[in-house]
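Student:
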Amino acid sequence: MTNEAEIQALLAALDLQEKAALCSGRDFWFLPGIERLDLPAIMLTDGPHGVRKQTGSSDHVGLAESVPATCFPTASGLASSWNRELLERIGQALGRECRRERVSVLLGPGVNLKRNPLGGRNFEYFSEDPFLSGQLATAWIQGVQSQGVGACLKHFAVNNHETGRMVVDAVVDERTLRELYLAAFESAVRDAAPWTVMCAYNKVNGTYLAEHRQLLTDVLRREWGFDGAVVSDWGAVSDRVAGIATGLDLEMPSSGGVNTRRILDAVREGTLAPAELDTVVARVLELILKSRESLRAAPACSLDAHHDLARTAAEEACVLLKNDGHLLPLATQGSLAVIGALAQDTRYQGSGSSQIRPTRLEQPLQEIEALLGEGATLGYAPGYALEGQGDSALIREALALAWASDRVVLFLGLPPACESEGFDRDSLDLPVAQLELVKALAPVYDRLVVVLQNGAPVALPFAGAVPAIVEAYLGGQAGASAIANILFGRANPGGKLAETFPVSSADVAGNAWFPGALRQSQYREGPWVGYRYFDTARVPVAFPFGHGLSYTHFEYGNLVVTGRGAAADSALVMAEGDSVTVEFTVTNTGSRDGAEVAQLYVGQHAGSVPRPRRELKGFEKVFLGVGESKVIRLSLDFRAFAFWCVRRRRWVVECDSYHIDIGSSVADIRLQSTVQLETADPVSVREPALAAYFEPAARDFDDAAFAAMLGHPLPAAVPERPFHLNSTLGEVGSTWLGRKLQQLMRSQAMQAAGDDPGESSQRMMDAVIAEMPLRNLVTMSQGKLSPALMRAMIHMMNGHWGKLLRNAPVGFR
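Sequential numbering from 13 applies to the sequence shown in this note's numbering.
Set out below in structure tokens:
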């Protein structure tokens, strides 16, 4: 029996109660099974850089313990590898570990665009560029699903900061939405066919994602051809019945029966069509049927081999930002000082729902010591405390050790309390204690290597004063040995930045509107995100997108661009289905084997809409021996030259000249060519109302300019009162009852976290509780708090005593 026939037979066998129950989770991680129909209860669990399977108490923010699993580098590190094949291998390993734990769907990857480097969850996402994000996500998904386990592409969509993420309305113009914030999702859906897509908490242009017909149905399914199940983020559902009608298939976690009853009532009252319910249930059934392989005997799964793969990934994630005087690689002889508390207490992953309990964990100091030659000496000084202010005694100890050593490796980075799910970063700065240490060391010691451990860009005011900097990101459980291998030349750094390192957060185009208000975030900067802004507006940066040095050297040459010819003027025809082929040669001219990431950027010379000077449209990572050359051939399709035309509601390539740039980074272009494209769409007249967006350096994106981009007046600010089901605990905290509810939630969170949750977990808990909507107290109480009682409490907090008395439910049930 085919899946479709089996699904139809199951639909016919299910009663209404069972259908309604299948629309929500059974509990925190499992879907409901139906024993009489031999439907198993399948498990979904967090990723994306490890399998976070909780076996005891459950939560969605990483507080409770989980089973041991391989902790790979976070997405910010994996993205700097620019290696599709590596991402697929990691996906395969994750799939094998899911099979080992009988997990059917792994919640990842996350492809939300890094709109601003201060995003608290940026470590969990790939890039500020949607093309790179989509390519890597596709490989990751294909790897996971090759093992008979489903991937869950998340968080769809425009979920680009943590502040107010449960209730915020992301106000974004249609062209920016299409070209930036949806593009990575589109690529992964079309090319990898993930089993599931997770809808985000937030609203987009006034509508919660869990009820967003345009995005969930019109775009995701009808345009992109997605045929899997849409799953809510945990607690993202505002109106379950509306979600069924608009394209949300599965609510997670369980609502304790609350939404099951609402679905039943809606069908019986005629406000929800049985056919709409059947459509959703059919997709859930298909997911369960697909998952049967994940519940069979698990294939071989070597955790030792996965640890080695994690090390390889961490090596490829390392980006050599600077190496003046070829200070690196270090010799294994002589005296070496390792300074920095992070060398003994490594930062290897982010905080929140992606937090993994590793199968083993390396520390940099021990891994460095293991590679030193006979007779070499190693000294260590912490230099700073991971929490708290600077300590002059620790700095003096570090200075004394440095002066007594031939070379110094200084570990700096962000402690867990600085970046996490649940809250955004306050600044790009490293902790004060670390800055005081490097300020003391750098001017007086010229053989200093800085190693950074952080999930997102940091300000580097000392970059000009230190000769060598290695960005190691959050390297996972084997990140320490990877760092040691890079430092001593056992591995040649080949990573490239997947995000810009700005000089200051004030230089970011959208900084004035990030993260915005609790309930509204205006994406006023439009397309000017990341390198698209810095490169176009000629804003100096610390290190540009795509940058990364090597211990060898590469030369580029022999650029040839070909396509379907048309007229005698050598113009190339470009229509849907056409492509342009770009061919060039990369040669390793240095003295070491190494890897280079050749990057292809495209730019339009004079279009009718504001467009970046260049955008990434292709890349290839090549591994070359000394003296070896390789011909790289990349293809540019119609979309590589196109923009989203709001007026025509389609992708358009204007009849114009385009430059094709090949480089080692967005700021290091080695080869260039210009092509004239003959298309069906001439260059239109520029819209005067968009003048501010043609001159992004001024950042003059005022109300009128943004309204012109939106195509309608700006939405009004959302008032805090009167309180309602989507009001947050923080908002109702001005009332006595609201404060009591906050205290109750903190007490429960502390029970889940244990006696000493740590500063990062405490800060995350406080943020999550403050921004939790009142509706979630009902659905996540597993039936202990009824909707009627919550409505009564809202009347009390609003001071609507008359409504309370008129609508007082019997027993508040």
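Just so you know, even glycine gets a beta-carbon here, dropped at the ideal spot from N, CA and C.
What separation, rounded to the nearest whole angstrom, lies between the Cα atoms of G240 and M55?
Tutor: One-based indexing of the sequence shown puts residue 240 at position 228. One-based indexing of the sequence shown puts residue 55 at position 43. Near 16 Å, if we compare the C-alpha coordinates of M55 and G240.
Student: Assuming A250 contacts N738 (C-beta within less than 8 Å), just tell me the rounded distance between them.
Tutor: Taking the sequence shown and counting its residues from 1, the one referred to as residue 250 is at position 238. Taking the sequence shown and counting its residues from 1, the one referred to as residue 738 is at position 726. Correcting the residue type first, residue 250 is Ser in the shown sequence and not Ala. The Cβ separation is near 6 Å, so the contact holds.
Student: Report all residues from its chain with a CB closer than 7 Å to the CB of G745; omit the five preceding and five following residues, and keep chain order.
Tutor: Here residue 745 refers to the residue found at position 733 of the sequence shown. R751, Q754, listed in sequence order.
Student: Exposed or buried, which one is V643 when buried takes at least 16 other CB atoms within 10 Å?
Tutor: If you number the sequence shown from 1, residue 643 lands on position 631. Exposed: under 16 other Cβ atoms inside 10 Å.
Student: Buried or exposed: where does H167 fall if 16 or more other Cβ atoms within 10 Å of its Cβ makes it buried?
Tutor: Counting from 1 along the sequence shown, the entry for residue 167 is found at position 155. Looking at its Cβ environment, which holds 16 or more other Cβ atoms inside 10 Å, H167 is buried.
Student: Provide the residue span of the beta strand (DSSP E) that contains F238, from first to last.
Tutor: Within the sequence shown, numbered from 1, the residue matching residue 238 stands at position 226. Per DSSP, F238 belongs to no beta strand (DSSP E) and is neither H nor E.
Student: Find out if the Cβ-Cβ distance for the pair V553, A521 is shorter than 8 Å.
Tutor: Walking along the sequence shown from the start, residue 553 turns up at place 541. Walking along the sequence shown from the start, residue 521 turns up at place 509. Their beta carbons are not under 8 Å apart, which means V553 does not touch A521 by this criterion.
Student: What's the gap between the Cα of V470 and the Cα of R437?
Tutor: The residue given as residue 470 occupies position 458 in the sequence shown. The residue given as residue 437 occupies position 425 in the sequence shown. Spanning the two alpha carbons is a distance of roughly 11 Å.
Student: Use the C-beta contact count for Q534: other C-beta atoms within 10 angstroms, 16 or more gives buried, fewer gives exposed.
Tutor: Counted from its first residue, the sequence shown places residue 534 at position 522. Looking at its Cβ environment, which holds 16 or more other Cβ atoms inside 10 Å, Q534 is buried.
Student: Check this for me: beta carbons of A717 and L726, under 8 Å apart or not?
Tutor: Translated into positions along the sequence shown, residue 717 becomes position 705. Translated into positions along the sequence shown, residue 726 becomes position 714. Against a cut-off of 8 Å, the Cβ pair of L726 and A717 comes out as no contact.
Student: Could you please give the first and the last residue of the uninterrupted beta strand (DSSP E) stretch that includes S677?
Tutor: By 1-based counting over the sequence shown, the position of residue 677 is 665. Counting along the chain, the beta strand (DSSP E) containing S677 begins and ends at 669–677.
Student: So is N504 buried or exposed if we call it buried at 16+ other beta carbons inside 10 Å?
Tutor: Here the question's residue 504 lines up with position 492 in the sequence shown. N504 should be labelled buried.
Student: Indicate whether at least one CB of chain E lies closer than 8 Å to the CB of P341.
Tutor: This model lacks chain E altogether; it includes just one protein chain.
Student: Alpha carbon to alpha carbon, what distance is there between H565 and G615?
Tutor: In the sequence shown, the residue the question calls residue 615 occupies position 603. In the sequence shown, the residue the question calls residue 565 occupies position 553. So the alpha carbons of these two residues sit roughly 27 Å apart.
Student: Quickly, what does DSSP pair S591 with across the bridge? List them, please.
Tutor: Translated into positions along the sequence shown, residue 591 becomes position 579. Paired residues: D649.
Student: Straight-line CA distance for A492 to C83?
Tutor: Residue mapping note: residue 492 aligns to position 480 of the sequence shown, counting from 1. Residue mapping note: residue 83 aligns to position 71 of the sequence shown, counting from 1. Those two C-alpha atoms are separated by around 13 Å.
Student: Quick one: residues in its chain with C-beta nearer than 6 Å to the C-beta of T599, no 5 flanking neighbours on either side, listed in chain order?
Tutor: On the sequence shown, residue 599 is found 587 positions in, with the first residue counted as 1. Excluding residues within five positions, the ones whose Cβ falls inside 6 Å are E567, S641.
Student: Does the Cβ of K796 have 16 or more other Cβ atoms within 10 Å, making it buried, or fewer, making it exposed?
Tutor: One-based indexing of the sequence shown puts residue 796 at position 784. The residue in question, K796, is exposed, as its Cβ has fewer than 16 Cβ neighbours within 10 Å.
Student: If you count every other CB in all the chains shown that lies within 10 Å of the CB of R419, and 16 or more means buried, which is it?
Tutor: Taking the first residue of the sequence shown as 1, we reach residue 419 at position 407. Its Cβ being crowded by 16 or more others within 10 Å, R419 is buried.
Student: Check this for me: beta carbons of R38 and S306, under 8 Å apart or not?
Tutor: Position 26 of the sequence shown, counted from the first residue, corresponds to residue 38. Position 294 of the sequence shown, counted from the first residue, corresponds to residue 306. Judged by beta-carbon spacing, S306 lies beyond the 8 Å limit of R38, meaning their Cβ atoms are not closer than that value.
Student: With DSSP as the reference, label W94 as helix, strand or coil.
Tutor: As a position in the sequence shown, residue 94 is number 82, starting the count at 1. Of the three classes helix, strand and coil, the one that applies to W94 here is coil, per DSSP.
Student: From what residue to what residue does the alpha helix (DSSP H) around Q774 run?
Tutor: Here residue 774 refers to the residue found at position 762 when the sequence shown is read from its first residue. Its alpha helix (DSSP H) spans residues 771–782.
Student: Looking at K629 and A607, is the spacing between their C-beta atoms short of 8 Å?
Tutor: Walking along the sequence shown from the start, residue 607 turns up at place 595. Walking along the sequence shown from the start, residue 629 turns up at place 617. No, Cβ-Cβ distance for A607 and K629 is not below 8 Å.
Student: I'd like the span of the alpha helix (DSSP H) that includes F706, first residue to last.
Tutor: Residue mapping note: residue 706 aligns to position 694 of the sequence shown, counting from 1. In the DSSP annotation of this structure, the continuous segment of the alpha helix (DSSP H) that includes F706 starts and ends at 703–706.
Student: With M721 as the anchor, note down where its alpha helix (DSSP H) starts and where it stops.
Tutor: In the sequence shown, the residue the question calls residue 721 occupies position 709. Counting along the chain, M721 sits inside the alpha helix (DSSP H) bounded by residues 715–722.
Student: One question on the structure: do Y563 and P341 come within less than 8 Å of each other, judged by their Cβ atoms?
Tutor: Residue mapping note: residue 563 aligns to position 551 of the sequence shown, counting from 1. Residue mapping note: residue 341 aligns to position 329 of the sequence shown, counting from 1. Judged by beta-carbon spacing, P341 lies within the 8 Å limit of Y563, meaning their Cβ atoms are closer than that value.
Student: What's the gap between the Cα of C110 and the Cα of V117?
Tutor: Walking along the sequence shown from the start, residue 110 turns up at place 98. Walking along the sequence shown from the start, residue 117 turns up at place 105. If I take the Cα positions, the gap works out to 8 Å.
Student: Give the straight-line distance between the Cα atoms of T283 and R274, rounded to the nearest whole angstrom.
Tutor: Here residue 283 is taken as the residue at index 271 of the sequence shown, counted from 1. Here residue 274 is taken as the residue at index 262 of the sequence shown, counted from 1. If you take the alpha carbons of T283 and R274, they lie about 11 Å apart.
Student: From the DSSP secondary-structure annotation, give me the bridge partner or partners of T57.
Tutor: The sequence position of residue 57 within the sequence shown is 45, counting from 1. DSSP lists L118 as partners of T57.
Student: So, is T574 buried or exposed, given that buried needs 16 or more other C-beta atoms within 10 angstroms?
Tutor: Along the sequence shown, read from residue 1 onward, the residue named residue 574 stands at position 562. Its Cβ having fewer than 16 others within 10 Å, T574 is exposed.
Student: By the three-class DSSP mapping on this structure, what secondary structure does D27 have?
Tutor: Counting from 1 along the sequence shown, the entry for residue 27 is found at position 15. Three-state DSSP puts D27 in coil, outside helix and strand.
Student: Go to Y568, then tell me how far its beta strand (DSSP E) extends in each direction, as first and last residue.
Tutor: In the sequence shown, counting from the first residue as 1, residue 568 sits at position 556. Start and end: 566–574.
Student: Whole angstroms are fine: how far does the CA of S303 sit from the CA of A21?
Tutor: The residue labelled residue 21 in the question sits at position 9 within the sequence shown. The residue labelled residue 303 in the question sits at position 291 within the sequence shown. Spanning the two alpha carbons is a distance of roughly 18 Å.
Student: Using a threshold of 8 Å, state whether the C-beta atoms of R96 and Q159 are closer than that.
Tutor: Taking the sequence shown and counting its residues from 1, the one referred to as residue 96 is at position 84. Taking the sequence shown and counting its residues from 1, the one referred to as residue 159 is at position 147. Contact flag unset, no.
Student: Taking C-alpha atoms, which residue in L442, R502, T208, L817 lies nearest to S3?
Tutor: Not covered by the structure: residue 3. The range shown for the chain is 13 to 825.
Student: Cα separation between L192 and F653?
Tutor: Here residue 192 refers to the residue found at position 180 of the sequence shown. Here residue 653 refers to the residue found at position 641 of the sequence shown. Approximately 14 Å between the Cα atoms of the pair.
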